[in-house]
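A quick write-up on the structure given underneath.
Residue numbers (our numbering): 172 to 756.
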């Protein structure tokens, strides 16, 4: 759903740019600059979301990740009866958006077709870089690109033609078609429709200003507008001369005093707006589509190595969960759990009645602070717990392992024979024969070397292969947040989902087993936002996620709720290891 987040962020920026236009530039008589501002606002609003300022981002620290995974013990059996798959909120939003885009696109095509059809059925007269279309029996007047449509009953054609020729020469129809495309993409944003009306109004101001300069004065041209205010309007994608809704504004701006030169400085307001939105795009939004980094922050490799080998590298804190809610006394709080070394710690941020936010860390809290938190705010820290270090692997037994290597070593020499007292010993010396002369065989062959005992060298078995779903487990552990409603209701259990993996990418996430609507939506949100690539074969996989609750007062686990089957599982789907998300009461 990254593209939907991108659209929402771009529309937010478009609203900010349009608000700046209404506040500072709407009343200025620099109409061409107003036109440029409105058009560039539409373009820049869609560029800023993909631009980041890396210099503003905090430096990334090496973190110790704590993820609980286990082997799933759940065996899913396919039911004989087929059930209707449940439609999620995200899917409904996608279908509603596509429906709106398709509807507006069809309407635009129909409008263009009607105008082109009118050029075929009416009389055409070729003018200077434009085509004049006479609409029989009508008093309308409008233009679209190089086509000028005017009714045979329209009075004072020359003035109207001069007005519409300004639209043709300045390519105002290109602006309108561009805004129509923007409106199709952002049909859900009501300010896009207001921006299109503002741009059309600026077009009329430009045409009125240049037409009045060719007449005697602005007052006589204003009288002409009043006397011809009730003609027929043309298509909504064309520039119609007869527009009763804009008549009052056109006359006021036509007779308004021209803006001074210093008023041009107001258009520099676009610079601080753009810079502020760039900062917001970097700091306020967590996204994966920020492809352009204007000021990247380069970290020194030596500092990374020093940090990696420093003694504090193994005790870096890592937030494991982030809970929000209200205390029994009505104070808002945010609670975070950390793992430091082999011990857990907790941090809480409590918002006072006056809006002040206070931060407390359990490892640094005195008994007076703990009493204040409990009596004033009604909050108590969860109990600490230790994570035991895993024992070293046992030594391998002798002779184990699939491979053995033997090495021949000479035997030790025999012990000396003790001599008896009073007796002489005869010593015999075996002389090796002299080497034979070249071409002759040795007289006596050399004795063979005694055999050596075999020495075994044990090689441990190879490590087990890495879990191909490790990245998915880590993503779930870092991003799933225990919903506050489910946490307060003491709801725990296992949720089962089905995903399709195509070329390593996850798609078509569906819910199979449900325990709570808030928990289901949270896990669906995280899985739909996973954009990593898995090194597994394409196919269907079942993803179990266990939501566990621990009571900080008793250190006991809350009993799990029996999951409710929502959809039947595919019998050929493979069930992967489950991920465990732990919340605390």
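A virtual CB, placed ideally from N, CA and C, is assigned to each residue, including glycine.
Reduced DSSP secondary structure (H/G/I, E/B, other) of residue i
i	result
residue 326	coil
residue 205	helix
residue 224	coil
residue 752	strand
residue 180	helix
residue 502	coil
residue 528	strand
residue 408	coil
residue 733	coil
residue 318	strand
residue 337	helix
residue 744	coil
residue 709	coil
residue 717	strand
residue 642	helix
residue 285	helix
residue 682	strand
residue 242	Low per-residue confidence applies at residue 242: pLDDT is 41, beneath 50, and the placement is therefore not dependable, though the value from the model is reported in the following sentence. Note: residue 242 maps to coil in three-state DSSP.
residue 398	helix
residue 651	coil
Pairwise C-alpha distance: residue j and residue i
i	j	result
residue 195	residue 203	15 Å
residue 712	residue 744	5 Å
residue 534	residue 212	50 Å
residue 364	residue 290	28 Å
residue 411	residue 311	8 Å
residue 232	residue 749	Note that residue 232 scores 44 on pLDDT, short of 50, meaning its location in the model is unreliable and no value can be drawn from it.
residue 758	residue 331	As displayed, the chain neither begins before 172 nor continues past 756, which places residue 758 out of reach and without an answer.
residue 198	residue 497	47 Å
residue 269	residue 727	48 Å
residue 677	residue 520	36 Å
residue 684	residue 691	9 Å
residue 547	residue 503	13 Å
residue 558	residue 444	Low confidence applies to residue 558: its pLDDT is 46, below 50, so where it sits in the model is not reliable enough to give any reading.
residue 696	residue 755	22 Å
residue 177	residue 540	44 Å
residue 637	residue 645	13 Å
residue 324	residue 385	24 Å
residue 717	residue 460	30 Å
Closest by C-alpha distance to residue i, when choosing among the options
i	options	result
residue 418	429, 360 and 394	394
residue 350	311, 639, 305 and 210	210
residue 215	704, 527, 446 and 332	446
residue 187	389, 449 and 384	449
residue 326	400, 720 and 408	400
residue 359	286, 432, 274 and 385	274
residue 413	517, 425, 313 and 667	313
residue 708	655, 747 and 221	747
residue 675	701, 706, 741 and 669	706
residue 380	398, 356 and 426	426
residue 424	373, 438 and 193	373
residue 334	637, 271, 375 and 442	375
residue 506	262, 550, 307 and 540	550
residue 751	715, 362 and 306	715
residue 222	680, 467, 686 and 200	467
residue 698	200, 650, 272 and 354	650
residue 271	416, 693 and 354	354
residue 347	639, 656, 526 and 206	206
With 16 other Cβ atoms within 10 Å as the buried cut-off, status of residue i
i	result
residue 343	buried
residue 665	buried
residue 182	buried
residue 190	exposed
residue 264	exposed
residue 653	buried
residue 339	buried
residue 643	buried
residue 421	buried
residue 571	Its pLDDT being 48, under 50, residue 571 is placed unreliably by the model, and the measurement read from it follows with that caveat. With fewer than 16 other Cβ atoms within 10 Å, it is exposed.
residue 658	buried
residue 336	buried
residue 680	buried
Cβ distance (whole Å) where residue i is taken to contact residue j below 8 Å
i	j	result
residue 464	residue 225	4 Å
residue 378	residue 392	Their Cβ separation, rounded to whole angstroms, is 11 Å, which puts residue 378 and residue 392 out of contact at 8 Å.
residue 663	residue 719	5 Å
residue 406	residue 285	7 Å
residue 462	residue 517	That belief does not hold up - the Cβ atoms of residue 462 and residue 517 are roughly 37 Å apart, past 8 Å.
residue 319	residue 300	Their Cβ separation, rounded to whole angstroms, is 11 Å, which puts residue 319 and residue 300 out of contact at 8 Å.
residue 345	residue 322	About 25 Å separates the two Cβ atoms, so there is no contact after all.
residue 655	residue 529	So it is not a contact: roughly 20 Å between Cβ atoms.
residue 694	residue 668	7 Å
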